[in-house]
Amino acid sequence: MAGVTKHIFEHEIRDIINMWSKQIETLQPVLPQEYTENDIIELLKKYYPHEWKAVEDKYSYYKTKDKYIKRNFGKNRYNMDKPEILLKNVFIFKKILSDDYKTIWENNYSEDAQTAAQSALWAKRKPKIEKINLKIEKALKKTQQVTPAFIDQLIGLYERKNTTQQDKVYILLELKKYYSPKIIRFFFKLNDTEINQQLRWEAFFHLQSFNYPIRVRKQKYMQVHTRNKKRKNFLKNVYAKQIYRIPENPEELEYRIENSKEQKLKKYDYFISHSSKDRDSVQDLIMFENSKGRDVFCDWINDVDYLKRHLVCEATLKVIEKRLEQSNALIFVESEHSLNSVWCKYELNYFSVLKRPIYVIKKSDIDNKTFELVQMKEKWFTDPNYKKLALIKGKEITNRSKE
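Just add 384 to wherever you are in the sequence shown, counting from 1, and you've got my numbering.
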């Protein structure tokens, strides 16, 4: 198996060298009259930023693998060079840094030609760079960029021998809702070692959504690490082929909350009560709280797979109640929409009974990049019929969606 992994590594290095050869060829016309190897590297980073980062990520990935291999087996396997060192293996890079080439370039240099070449290359590269930026931004918006306190327990639960493939599907779904180095490393590990095809592909596509350089490993190259013949046969011939699709409805989540360990582990710093019409502002608030290391519950991130506004029922409310109970405090995002929202009044009434802190922040303050929370004192939302009103509203939405 070491030969297979080494072959994959060597193939990836060849791909990097070939990629740089093509990129540097496009950069030749934009070189300044006098330049160094650092100037070429800076041009690569400017015109091919994601490609350069991909090589840096690859270097970090193999460096981490070598640390593990050396710790357990005594020596490194890959010894990948840093990108700046690896670049010196590219023929065209060495060519344009030669004294003869630099002399010819300096003597024939034209500032007008360089300016025109810069404009043409940037016009070609800018849309591609922005397209990848948009892809990454879209993926990040589906996550919280923080490491939740329960992440080690969640990963540990996944790695238990007695955890079923079905339970792993649910755990993976929860892990995909967060973005942090520890979680990304775990997904890389799954792409390398997970025997189950469905789970391995889930890891692959998740990493790919953030533009990570990744190859999915073929099933025939997956290694089963056990001496127990019965278990080896199960893992290779049964577990590897198991597939489970999660039912996307509130009843399924209600069942998981009551019966599964991955849901019972959850704790949140804040529950954000808001109107969906203020989504962009709420996203900014979440990013701010994440930057402070706080884990926030927001239904369209944390439970988007289950909580559908057109499927509101008793199960939906029970799920929301559980998330409120799992939260240490509540933030109410005040706006003209949220002040008239039946759902917000429901959440505020239920959380008030829990006797935990309720904070308020105006949408306009968020938009002005002011994120100061103020403890709510007036219980303007109090209504003994809050649950009944939420169910009536939910039924109206459900009926309209069927029309």
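The beta-carbon is built from N, C-alpha and C at its ideal position, and this holds for glycine as well.
According to DSSP, is residue i helix, strand or coil?
i           : result
residue 440 : helix
residue 530 : coil
residue 579 : coil
residue 729 : helix
residue 791 : Outside the displayed range of the chain (385 to 787) lies residue 791, so it cannot be described from this structure.
residue 772 : helix
residue 359 : For residue 359 there is no data in the structure shown, the boundaries of the chain being 385 and 787.
residue 645 : helix
residue 758 : strand
residue 466 : coil
residue 514 : helix
residue 661 : helix
residue 622 : coil
residue 639 : helix
residue 742 : strand
residue 404 : helix
residue 734 : helix
residue 654 : strand
residue 393 : helix
residue 703 : helix
residue 474 : coil
residue 563 : coil
residue 666 : helix
residue 457 : helix
residue 720 : coil
residue 680 : strand
Can you check which of these residues, the options, is closest to residue i by C-alpha distance?
i           : options               : result
residue 736 : 708, 615 and 756      : 708
residue 793 : 516, 718 and 771      : Nothing can be reported for residue 793, as the shown portion of the chain is limited to 385 through 787.
residue 573 : 634, 449 and 507      : 449
residue 397 : 467, 420 and 425      : 467
residue 745 : 764, 733 and 714      : 714
residue 749 : 668, 640 and 402      : 668
residue 716 : 660, 698, 769 and 699 : 660
residue 655 : 711, 662 and 606      : 711
residue 774 : 700, 577 and 546      : 700
residue 393 : 407, 755, 416 and 447 : 447
residue 538 : 516, 524 and 556      : 556
residue 509 : 732, 543, 519 and 433 : 433
residue 390 : 440, 462, 406 and 421 : 462
residue 543 : 578, 512, 399 and 524 : 578
To the nearest angstrom, how far is the alpha carbon of residue i from that of residue j?
i           : j           : result
residue 674 : residue 522 : 17 Å
residue 599 : residue 445 : 13 Å
residue 540 : residue 418 : 55 Å
residue 650 : residue 772 : 28 Å
residue 645 : residue 706 : 14 Å
residue 423 : residue 443 : 21 Å
residue 698 : residue 726 : 15 Å
residue 763 : residue 562 : 33 Å
residue 666 : residue 491 : 57 Å
residue 460 : residue 484 : 39 Å
residue 471 : residue 401 : 7 Å
residue 404 : residue 487 : 23 Å
residue 545 : residue 752 : 50 Å
residue 647 : residue 632 : 16 Å
Less than 7 Å between the CB of residue i and some heavy atom of the ligand FMN, yes or no?
i           : result
residue 622 : The ligand FMN is absent from the structure shown, which contains no ligand whatsoever.
Tell me whether residue i is buried or exposed, calling it buried when 16 or more other Cβ atoms sit within 10 Å of its Cβ.
i           : result
residue 729 : buried
residue 681 : buried
residue 469 : exposed
residue 536 : exposed
residue 584 : buried
residue 683 : buried
residue 567 : buried
residue 559 : buried
residue 452 : exposed
residue 475 : exposed
residue 427 : buried
residue 637 : buried
residue 457 : exposed
residue 652 : buried
residue 527 : buried
residue 385 : Residue confidence for residue 385 is low, a pLDDT of 44 falling below 50, so the modelled location carries little weight and cannot support an answer.
residue 455 : exposed
residue 734 : buried
Would residue i pass as an interface residue toward chain C - the criterion being a Cβ-Cβ separation below 8 Å?
i           : result
residue 745 : Checking the listed chains, one finds no chain C in this structure; it contains a single protein chain.
query = Quick one: any contact between the stretch 398-416 and the stretch 474-488, if contact means 3 or more CB pairs under 8 Å?
reply = A contact exists between the stretch 398-416 and the stretch 474-488.
request  = Evaluate contact between the stretch 498-509 and the stretch 517-532, counting only Cβ atoms and requiring at least three cross-stretch pairs below 8 Å.
outcome  = Judged by Cβ distances under 8 Å, the stretch 498-509 makes no contact with the stretch 517-532, as fewer than three pairs qualify.
ask   = Taking one C-beta from the stretch 545-557 and one from the stretch 616-628 each time, how about it: are there three or more such pairs within less than 8 Å?
value = Touching, per the Cβ criterion.
query = Three or more C-beta pairs closer than 8 Å, one from the stretch 592-606 and one from the stretch 556-575: is that the case here?
reply = Result yes; three or more Cβ-Cβ pairs closer than 8 Å.
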